[in-house]
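Counting from 1, one number per residue, gives the positions in the sequence shown under UniProt numbering.
What follows is one structure encoded as structure tokens, with my remarks underneath.
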Amino acid sequence: MREAAAGAQPVMCGHPAPYDGTFPCWHLIRFTGSSPFGHSGRMDTKTLCAAKAGLPPRAAAKGAVPREPLSRRRHTHHAPDDATERAGLSANLMAWPGPSHRP
């Protein structure tokens, strides 16, 4: 695991963020009193994927996205596996410059 840069802020990645981020934020605030993500520390991986791939947001389905940023892990619908798969997608998207065939 990499060291965080000085002043780095945690970001919650969701696919889509409004759906995936609701319960964790509620849970954090309810049981710890605050969320380290704040109100704007969420990233929607579907939107990021669409923007980087040059697709309309509704077209950012897994089958329409180039293979480069996809995680190599399977989506099993078992929460720990899926969280790991989505974390890989998020990390890959952040590093991915976009498709090479883009003008």
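C-beta: ideal position from N, C-alpha, C; glycine also.
Since the model is a prediction, treat every value here as computed from it, not as a measurement.
- Taking the C-beta atoms as reference points, Thr47 is found no nearer than 8 Å to Pro56.
- Around the beta carbon of Ala91, a 10 Å sphere encloses fewer than 16 other beta carbons of the protein chains shown; the residue is thus reported as exposed.
- Residue range Arg42 to Asp44 is occupied by the beta strand (DSSP E) that includes Arg42.
- Residue pairing from DSSP places Gly14 in a beta bridge opposite Asp44.
- Taking Arg73 as the centre and dropping the five residues before and after it, the same chain places the C-beta of Asp81, Thr84, Glu85 and Gly88 closer than 8 Å to its C-beta, in chain order.
- Across the structure, Ala95 and Ala79 are spaced so that their CA atoms are roughly 24 Å apart.
- In the DSSP assignment, Ser34 falls outside any alpha helix (DSSP H), carrying neither H nor E.
- If one requires a minimum length of 3 residues, the beta strand (DSSP E) runs lying completely within the stretch 36-98 are 42-44, in chain order.
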